[in-house]
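When you line the sequence shown up against the working numbering, it's residues 9 to 959, in that order.
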Amino acid sequence: MSPLPGWRAAFRIARRDAARAKGRSALVVAMIALPVLGVTAADLTYRSALPTKAEELTAELGSADARFMSTSVGPVKLQQMPDGINWSTPEGAPDPTPEEQAKPVDVPAAFPEGSRYLTERSVPASVTTRHGIADTEVSELRISDAMLRGRIELTDGTYPRKPDEIAATSDFVKAAGLSIGDSVTVRGPELTYTLTGTVELPADLRADALYALPGSVIDPWQKAADRDKTILPPQPSDPKWLVKGPAGAGVTWQDILAANERGVVVKSRQVALNPPPDSEVPMSSMSSGYSTEAETTAAVLTVAAMAVLEIVLLAGPAFAVGARRSRRQLGLVGSCGGSRGQVRAVVLAGGAVLGAVGAVAGVGAGFGLTALFRPMIEDFTGNRFGELTVRPWEILGIAALGLVTGVLAALAPAIVAGRQSVLESLTGRRGTRRSSRVLPVIGVIALTAGVGVAVYGGVAGDTVFVAGGSVLAELGVLACIPVIVGFLGRLGRGLPLTPRMALRDAARNRGRTAPAVAAVMAAVAGSVAIATYTSSSAAQHAYDFEPNLTPGTVALAASGIGADAELPRSRAAVEQNYPVSGRPADFGRVWAGSDCSVYYEEENGCGTLELVKPTGEGHSCPLKGKGAKELALRLSADEHKRMMNSPACMDENYTMVAFGTGEHKIVIGGADVLDTYVKLDDPAAAKALADGTPVLLNSAYAKNGEVTLKATHLYSDRDEKNRARHPGKARTTTDRLKVYVAPDRFAATPGIRMVMPQKTAERLGLHVEDYGSFYALGRDATDAEAQAAYAAIDQAGNRAYLMSSNERFRTQDDTILLILALFAGVVTLGAAAITTGLSKADAEADLTTLSAVGAPPGVRRSLSGFQCLVVALTGVLLGTVAGLVPAIALRLTDLRAALEKMREDPMQSAYTPIVMPWETVGLLALVVPVLAGLLAAALTSSRLTLARRAG
Numbered sequence: 009m010s011p012l013p014g015w016r017a018a019f020r021i022a023r024r025d026a027a028r029a030k031g032r033s034a035l036v037v038a039m040i041a042l043p044v045l046g047v048t049a050a051d052l053t054y055r056s057a058l059p060t061k062a063e064e065l066t067a068e069l070g071s072a073d074a075r076f077m078s079t080s081v082g083p084v085k086l087q088q089m090p091d092g093i094n095w096s097t098p099e100g101a102p103d104p105t106p107e108e109q110a111k112p113v114d115v116p117a118a119f120p121e122g123s124r125y126l127t128e129r130s131v132p133a134s135v136t137t138r139h140g141i142a143d144t145e146v147s148e149l150r151i152s153d154a155m156l157r158g159r160i161e162l163t164d165g166t167y168p169r170k171p172d173e174i175a176a177t178s179d180f181v182k183a184a185g186l187s188i189g190d191s192v193t194v195r196g197p198e199l200t201y202t203l204t205g206t207v208e209l210p211a212d213l214r215a216d217a218l219y220a221l222p223g224s225v226i227d228p229w230q231k232a233a234d235r236d237k238t239i240l241p242p243q244p245s246d247p248k249w250l251v252k253g254p255a256g257a258g259v260t261w262q263d264i265l266a267a268n269e270r271g272v273v274v275k276s277r278q279v280a281l282n283p284p285p286d287s288e289v290p291m292s293s294m295s296s297g298y299s300t301e302a303e304t305t306a307a308v309l310t311v312a313a314m315a316v317l318e319i320v321l322l323a324g325p326a327f328a329v330g331a332r333r334s335r336r337q338l339g340l341v342g343s344c345g346g347s348r349g350q351v352r353a354v355v356l357a358g359g360a361v362l363g364a365v366g367a368v369a370g371v372g373a374g375f376g377l378t379a380l381f382r383p384m385i386e387d388f389t390g391n392r393f394g395e396l397t398v399r400p401w402e403i404l405g406i407a408a409l410g411l412v413t414g415v416l417a418a419l420a421p422a423i424v425a426g427r428q429s430v431l432e433s434l435t436g437r438r439g440t441r442r443s444s445r446v447l448p449v450i451g452v453i454a455l456t457a458g459v460g461v462a463v464y465g466g467v468a469g470d471t472v473f474v475a476g477g478s479v480l481a482e483l484g485v486l487a488c489i490p491v492i493v494g495f496l497g498r499l500g501r502g503l504p505l506t507p508r509m510a511l512r513d514a515a516r517n518r519g520r521t522a523p524a525v526a527a528v529m530a531a532v533a534g535s536v537a538i539a540t541y542t543s544s545s546a547a548q549h550a551y552d553f554e555p556n557l558t559p560g561t562v563a564l565a566a567s568g569i570g571a572d573a574e575l576p577r578s579r580a581a582v583e584q585n586y587p588v589s590g591r592p593a594d595f596g597r598v599w600a601g602s603d604c605s606v607y608y609e610e611e612n613g614c615g616t617l618e619l620v621k622p623t624g625e626g627h628s629c630p631l632k633g634k635g636a637k638e639l640a641l642r643l644s645a646d647e648h649k650r651m652m653n654s655p656a657c658m659d660e661n662y663t664m665v666a667f668g669t670g671e672h673k674i675v676i677g678g679a680d681v682l683d684t685y686v687k688l689d690d691p692a693a694a695k696a697l698a699d700g701t702p703v704l705l706n707s708a709y710a711k712n713g714e715v716t717l718k719a720t721h722l723y724s725d726r727d728e729k730n731r732a733r734h735p736g737k738a739r740t741t742t743d744r745l746k747v748y749v750a751p752d753r754f755a756a757t758p759g760i761r762m763v764m765p766q767k768t769a770e771r772l773g774l775h776v777e778d779y780g781s782f783y784a785l786g787r788d789a790t791d792a793e794a795q796a797a798y799a800a801i802d803q804a805g806n807r808a809y810l811m812s813s814n815e816r817f818r819t820q821d822d823t824i825l826l827i828l829a830l831f832a833g834v835v836t837l838g839a840a841a842i843t844t845g846l847s848k849a850d851a852e853a854d855l856t857t858l859s860a861v862g863a864p865p866g867v868r869r870s871l872s873g874f875q876c877l878v879v880a881l882t883g884v885l886l887g888t889v890a891g892l893v894p895a896i897a898l899r900l901t902d903l904r905a906a907l908e909k910m911r912e913d914p915m916q917s918a919y920t921p922i923v924m925p926w927e928t929v930g931l932l933a934l935v936v937p938v939l940a941g942l943l944a945a946a947l948t949s950s951r952l953t954l955a956r957r958a959g
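Listed below in structure tokens is the structure:
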């Protein structure tokens, strides 16, 4: 006999029950639709934000058919790949001679006959703004031409039509404080233009650029520089040509081959989208090829696996609500001869019906919200969507996932409903059923095995094991939840009435408490996993970052010979316009012999100064030179980090030269340099400088408290003043200087290795010059303040430059962590609200008894609040622990890859930290449960109508 008629009746009952209980059905649909909505919106956003090949070409070419450009090798035969990126001279061809490379390439001669073209060149420039001066790039391109549509779009005003008109990107206009109609002057040649419009680049909304007509900036600038030698000439880019081929023909592969014969490289839309076979590509034999298909990362695979589990657990409590509410109806099915299987079928059919509705609603809402928030998403990603990209099979898969998980979520309530006796269902009584003793044992085994598998996957770099182990560990925790909930009842002995009742009610009714705790745990586990991985990666990036200045400081430095005389005016410009705090710390530079910044053109025309680094343990870096790779094989990541942070290895891999010091990195200064820039607050170090003793920041250069300073006093014949004072041959001096050695942590100070008093340098026969000042910042400068400072420095003679920190703050990481915390918080509140509603439904009889024995009306309100608090807090704590498993496993995968790179190059960092996102965890563990409890208490009525106890 076919089972279809039985299922047909089950679906009919489920459909009518869903229509009758609209509130409960809406709750179930919402719990299924929310995750489906999120996955749908994420899929649409990812696919739409990821540009297609055609969209990438439009962002580069506009509506043109191709881009033609010359190369640096002159008009010689070339070979190129169809992508227009990779090119070379033919294999075996002789290298072009300097004469051939100097010859101009006639690029327009390579265009297909009947083509139309635009020229494009750009030049870096300093321009005036409403606040002062800003550095940007000016492109000479007729952006009003229809050939640029899709690449550059007008957002306000009009395109430049005259040589004295200019347009700017919206981002530049906002930062510069400009408006349409304002004047913009290119500094140097003092060329002034009227801002006629703002534009945007759909592929780069954060672009910072100006656009003028061809021939209106670079040529007048060059002519001005030819007339006035004090004006620096422009440094334009090589020209490019955007070409529109003959109508209907475009630019073909044969056109490209012909252009290659003339030394021209071409990127063609037609060829890039439909490349020729390798047999027609001469360069294909020289290219090894590459795969554009990105591998699925461990993080994505793990999050996807946990997301499926999360959907099931989120919908599970909602179906538990439905099963509780429908006990009498299910009892009637049994009393009419329905088997336990048919009772289960009714509950499962309800899961299928509501799962289907939830899936359709989630997909539809995902489309709607993505379209609604599209501008906000585009601003966040920095590029416009070419179109809303829909992959039908992916959307159908997401909807099917919602349907299937709806059925799976109804599975456990269906089993429970099938086990209930007809009498209990009809009378509303709840039978007493002992908790399984096997399930917790299985849970502990699964948890232990899952952690082991995930850790093994992390160490071995196997993403499948990481994902599988993480899910298995979470399932193990789920199996242990009933026991954990049961244990909660024992914690309430010394508590007041309502929290004691809430704990014991949760322990007594594990069937409804455990699913809600599981739902909270699942949401929190996923968020904690991603937050931990994100914060750990951010800490790693922050560790690997090489700052150019001490954070919170800015440096003013002279920019030319004899510029020290203008420094007082430049200092005043900075102090009046930049958010500096405290007094400036002036510093100078030191050199031996003739100044190499002046007499660098002739060989052996200037002196040298070297801080000699001793050899041996504590001085030489063991990670460089002979035996380094063998040593790296034996080092752990922590041992390698300690070695890399040692003074001996601190500046071996990368050293920043600034402040006019050269490789020796010695600056002339006093105690204020230590305080303002080095951040060394040490009275002994300040006293040493006052006494003429240098302060050494890198102890690896000191031996027995002394450093070796080697100087070559060589003077150029053109350096007449110093040559007269130091006649004769060059001499080399080696001095042993007693120094004050700073603690090892100051060896990482950017740009400075030793601070030397001026009187000590002069005693050694060295030359010194005032070079600039360090300033401490009270806060980061705004665009307006920076532009005003640059303008003030320019007015002071433009003989100095302002060096600001390249420190990057983790604003995006902080945003991601905040979004994760909010998501987990909302889900936690929802799951806690569900279990609170279920508790109220189940506990009506108990509340009636409380009222009958004289309990105050407020007990009902406070009991609901504490019930919600218990579920939320338990789920958050378990979720935090469960979320650490995949996060740690993924970081172990990263550690394995970092160790492999370090052992290939011992100077590469292997630091792979695991950093807890305490702010996110604190928000989830403290704020969200308390908020859930307060909301539940506030939304619960304290009035209770007395009723006769059933039975």
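Glycine residues also receive a C-beta, built at the ideal position from the N, C-alpha and C atoms. Note that the structure is a prediction, hence the values are computed from the model and not measured.
TRP401 to THR48 span [Cα, whole Å]: On the sequence shown, residue 401 is found 393 positions in, with the first residue counted as 1. On the sequence shown, residue 48 is found 40 positions in, with the first residue counted as 1. Rounded to the nearest angstrom, the two C-alpha atoms are 12 Å apart.
Terminal residues of the beta strand (DSSP E) in which VAL675 lies: Indexing the sequence shown from 1 puts residue 675 at position 667. Start and end: 674 to 676.
Assigned secondary structure, HIS710 (DSSP; H/G/I helix, E/B strand, else coil): On the sequence shown, residue 710 is found 702 positions in, with the first residue counted as 1. Looking at the sequence itself, residue 710 is Ala, so the reference to His does not match. Coil, per DSSP.
Cut-off 6 Å between Cβ atoms - residues of its own chain near PRO244, not counting five sequence neighbours on either side: Taking the sequence shown and counting its residues from 1, the one referred to as residue 244 is at position 236. Excluding positions up to five away in sequence, the list reads ARG129, VAL131 and ILE226.
Alpha-carbon spacing of VAL274 relative to SER78, whole angstroms: Taking the sequence shown and counting its residues from 1, the one referred to as residue 274 is at position 266. Taking the sequence shown and counting its residues from 1, the one referred to as residue 78 is at position 70. VAL274 and SER78: Cα-Cα distance of roughly 9 Å.
C-beta atoms of LEU203 and PRO228 nearer than 7 Å: Residue mapping note: residue 203 aligns to position 195 of the sequence shown, counting from 1. Residue mapping note: residue 228 aligns to position 220 of the sequence shown, counting from 1. Not in contact: LEU203 and PRO228 (Cβ atoms no closer than 7 Å).
Opening and closing residue of the beta strand (DSSP E) in which PHE667 lies: Locating residue 667 in the sequence shown gives position 659, where the first residue counts as 1. Segment: none, PHE667 is in no beta strand (DSSP E) and carries neither H nor E.
Whole-number beta carbon distance between VAL459 and VAL884, since they are thought to touch under 8 Å: As a first step, residue 884 must be located in the sequence shown, where it is residue number 876. As a first step, residue 459 must be located in the sequence shown, where it is residue number 451. VAL884 to VAL459, Cβ: 20 Å. No contact.
Uninterrupted beta strand (DSSP E) stretches inside the region 723 to 770 (no shorter than 3 residues): 739 to 746 and 762 to 764
Assigned secondary structure, GLU208 (DSSP; H/G/I helix, E/B strand, else coil): Working through the sequence shown from its first residue, we reach residue 208 at position 200. Strand.
ARG169 to LEU221 span [Cα, whole Å]: For the purposes of this step, residue 169 is identified with residue 161 of the sequence shown, where counting begins at 1. For the purposes of this step, residue 221 is identified with residue 213 of the sequence shown, where counting begins at 1. If I take the Cα positions, the gap works out to 7 Å.
Opposing strand residues paired with LEU810 [DSSP bridges]: Within the sequence shown, the letter at position 802 stands for residue 810. Paired residue(s): LEU564.
Close beta carbons around SER56, own chain, < 6 Å, minus the five adjacent residues each side: Your numbering for residue 56 matches position 48 in the sequence shown. Cβ within range, chain order: PHE393, LEU396 and THR397.
Beta-carbon gap between LEU45 and ALA373 smaller than 7 Å: The residue labelled residue 45 in the question sits at position 37 within the sequence shown. The residue labelled residue 373 in the question sits at position 365 within the sequence shown. Their beta carbons are under 7 Å apart, which means LEU45 touches ALA373 by this criterion.
Same chain only: Cβ atoms within 6 Å of ALA800, ignoring 5 sequence neighbours per side: The residue given as residue 800 occupies position 792 in the sequence shown. Excluding sequence neighbours, ALA800 sits near ALA581 and ASN585.
DSSP-derived helix/strand/coil call for HIS139: What you label residue 139 is simply residue 131 of the sequence shown in a count that begins at 1. The answer is coil: DSSP assigns HIS139 none of H, G, I, E or B.
Segments assigned beta strand (DSSP E), at least 3 residues, entirely inside the region 614 to 659: 616 to 620
Cβ-Cβ separation, ALA906 to ALA918 (assumed contact under 8 Å), whole Å: On the sequence shown, residue 918 is found 910 positions in, with the first residue counted as 1. On the sequence shown, residue 906 is found 898 positions in, with the first residue counted as 1. ALA918 to ALA906, Cβ: 4 Å. Contact.
Rounded straight-line distance, which links the Cα of PRO490 to that of ALA863: By one-based count along the sequence shown, residue 863 stands at place 855. By one-based count along the sequence shown, residue 490 stands at place 482. Distance between the alpha carbons of ALA863 and PRO490: 30 Å.
Same chain, Cβ closer than 7 Å to ALA710, five either side skipped, listed in chain order: Taking the first residue of the sequence shown as position 1, residue 710 is located at position 702. Exclusion of the five residues before and after ALA710 leaves LEU704, VAL747 and VAL749 as the residues of its chain whose Cβ lies within less than 7 Å of its Cβ.
GLN916, DSSP secondary structure in three states: The sequence position of residue 916 within the sequence shown is 908, counting from 1. Correct three-state label for GLN916: coil.
Simplified DSSP assignment, three categories, for TRP15: To locate residue 15, count along the sequence shown from 1; it is residue 7. The answer is helix: DSSP assigns TRP15 an H, G or I state.
Beta-carbon spacing of GLN795, GLY140 below 7 Å: By one-based count along the sequence shown, residue 795 stands at place 787. By one-based count along the sequence shown, residue 140 stands at place 132. In contact: GLN795 and GLY140 (Cβ atoms closer than 7 Å).
Cβ pair count under 8 Å reaching 3, the region 142 to 160 against the region 61 to 73: yes
Rounded distance between the beta-carbons of VAL113 and GLY82, thought under 8 Å: Position 74 of the sequence shown, counting from 1, holds the residue named residue 82. Position 105 of the sequence shown, counting from 1, holds the residue named residue 113. Contact holds; Cβ gap of about 7 Å.
Cα-Cα separation, ALA18 to GLY359: Indexing the sequence shown from 1 puts residue 18 at position 10. Indexing the sequence shown from 1 puts residue 359 at position 351. Their backbone Cα atoms lie some 11 Å apart in a straight line.
Touch test, the region 613 to 628 against the region 663 to 673, Cβ-Cβ under 8 Å, three pairs minimum: yes
Span separating the alpha-carbon of ASP103 from that of GLY891: Along the sequence shown, one-based indexing puts residue 103 at 95. Along the sequence shown, one-based indexing puts residue 891 at 883. Going by the C-alpha atoms only, they are around 59 Å apart.
Which of helix, strand or coil DSSP assigns to GLY405: In the sequence shown, counting from the first residue as 1, residue 405 sits at position 397. In this structure, GLY405 counts as helix in the three-state DSSP scheme.
Unbroken beta strand (DSSP E) run spanning MET77, endpoints: Counting from one through the sequence shown, the residue named residue 77 turns up at place 69. The continuous beta strand (DSSP E) containing MET77 extends over residues 74 to 78.
Limits of the alpha helix (DSSP H) - the one that LYS61 falls within: On the sequence shown, position 53 is the one that residue 61 refers to. 61 to 69 is the extent of the alpha helix (DSSP H) around LYS61.
Option nearest ALA367 by Cα separation, candidates TYR608, ASP788, ALA41 and ASN730: Numbered from 1 along the sequence shown, position 359 holds the residue referred to as residue 367. Closest by alpha carbon: ALA41.
Which of helix, strand or coil DSSP assigns to GLY297: Looking up residue 297 in the sequence shown gives position 289. Here the model assigns GLY297 a pLDDT of 44, short of 50, so the residue's position is not dependable, and the following value carries that caveat. Judged by DSSP in its simplified three-state form, GLY297 adopts coil rather than helix or strand.
Distance between ALA407 and ALA364 (C-alpha atoms, nearest Å): Position 356 of the sequence shown, counted from the start, is the residue given in the question as residue 364. Position 399 of the sequence shown, counted from the start, is the residue given in the question as residue 407. Looking at the two C-alpha atoms, the distance is approximately 8 Å.
Terminal residues of the alpha helix (DSSP H) in which VAL686 lies: As a position in the sequence shown, residue 686 is number 678, starting the count at 1. Neither: VAL686 is in no alpha helix (DSSP H) and is coded neither H nor E.
SER187 - DSSP class collapsed to helix/strand/coil: The sequence position of residue 187 within the sequence shown is 179, counting from 1. Under the three-state reduction of DSSP, SER187 is assigned to coil, being neither helix nor strand.
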